[in-house]
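Heads up, the sequence shown is in my numbering, so the first residue is 315 and it goes up one at a time. Think of the CB as a built atom: it goes at the ideal place given N, C-alpha and C, for glycine as much as any other residue. A short write-up of the structure that comes next.
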Amino acid sequence: MGAERVVVAAAIIDHGRVLAARRRRPPSSAGGWELPGGKVEAGESPADALAREVHEELGCQIVVGDRIAGAQPLQSGLVLHAYECRLDTSGSAEPVPVEHDATIWLAPEDLDRVTWLPADRPFVLALRERLLDGEPLPGGNVGGSVRIGSTVRRPTG
Numbered sequence: 315m316g317a318e319r320v321v322v323a324a325a326i327i328d329h330g331r332v333l334a335a336r337r338r339r340p341p342s343s344a345g346g347w348e349l350p351g352g353k354v355e356a357g358e359s360p361a362d363a364l365a366r367e368v369h370e371e372l373g374c375q376i377v378v379g380d381r382i383a384g385a386q387p388l389q390s391g392l393v394l395h396a397y398e399c400r401l402d403t404s405g406s407a408e409p410v411p412v413e414h415d416a417t418i419w420l421a422p423e424d425l426d427r428v429t430w431l432p433a434d435r436p437f438v439l440a441l442r443e444r445l446l447d448g449e450p451l452p453g454g455n456v457g458g459s460v461r462i463g464s465t466v467r468r469p470t471g
């Protein structure tokens, strides 16, 4: 049995919001939203692959943090792992879609406004819970919504 073939996804968090990118291709995924990323190449660490893929796809630099629990099986024996990330403020500017046709920053309560690709959805749901629970995340929770009991609060001012 061969080694696991890994695809990595970046949950880029900035001020309590998560970056979503809309796929252009292939036709079966076009129009679906995802966490940006791609395949880990031979001899490459998941973090290095993620930094490379995000730079290629969005033209920005990221700092890769902790892996989000779980893994999603994909076609052709691939498995998807997602990582919490933040923008590297010492490097490039805001993400710009190069290989996608659009990007959007989504607050936790807005994560269902887009149609996520099935493999990304479990990671997005886990992130929403963590953001709403106020857990410290890379990129910060400042400006994001927080759950207090059963109430979701969005900071004002």
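Nearest to residue i (by Cα), restricted to the options the options
i      : options                           : result
Phe437 : His369, Ala356, His395 and Glu423 : His395
Leu349 : Pro341, Leu446 and Pro411         : Pro411
Ser404 : Asp328, Val377 and Val393         : Val377
Ser342 : Leu431, Glu367 and Glu355         : Leu431
Ile327 : Val428, Pro360, Glu370 and Asp402 : Asp402
Pro409 : Val321, Glu370, Ser390 and Arg338 : Glu370
Gly352 : Glu413, Gly345 and Thr429         : Glu413
Leu388 : Arg338, Glu443, Val368 and Arg435 : Arg435
Ala356 : Glu318, Asp447 and Arg339         : Glu318
Leu364 : Cys399, Leu439, Gly391 and Glu443 : Cys399
Val393 : Glu358, Asp362 and Ala433         : Ala433
Endpoints, alpha helix (DSSP H) assigned at residue i
i      : result
Arg366 : Pro360 to Leu372
Val438 : Arg435 to Leu446
Delimiting residues of the beta strand (DSSP E) encompassing residue i
i      : result
Val332 : Arg331 to Arg337
Glu398 : Leu392 to Leu401
Ala323 : Arg319 to Asp328
Gly352 : Gly351 to Lys353
Gly357 : Looking at the DSSP string, Gly357 is not in any beta strand (DSSP E), and its letter there is neither H nor E.
Ile418 : His414 to Leu420
Val378 : Ile376 to Arg381
Presumed contact (8 Å Cβ cut-off) between residue i and residue j, rounded CB distance
i      : j      : result
Tyr397 : Val322 : 7 Å
Ala325 : Leu441 : 5 Å
Val354 : Pro360 : 6 Å
Thr429 : Gly373 : Not quite, the Cβ-Cβ distance comes to about 24 Å (not below 8 Å), so this is no contact.
Are three or more beta carbon pairs between the region 417-437 and the region 333-346 nearer than 8 Å? yes
The region 423-430 touching the region 381-393, judged by at least three CB pairs closer than 8 Å: no
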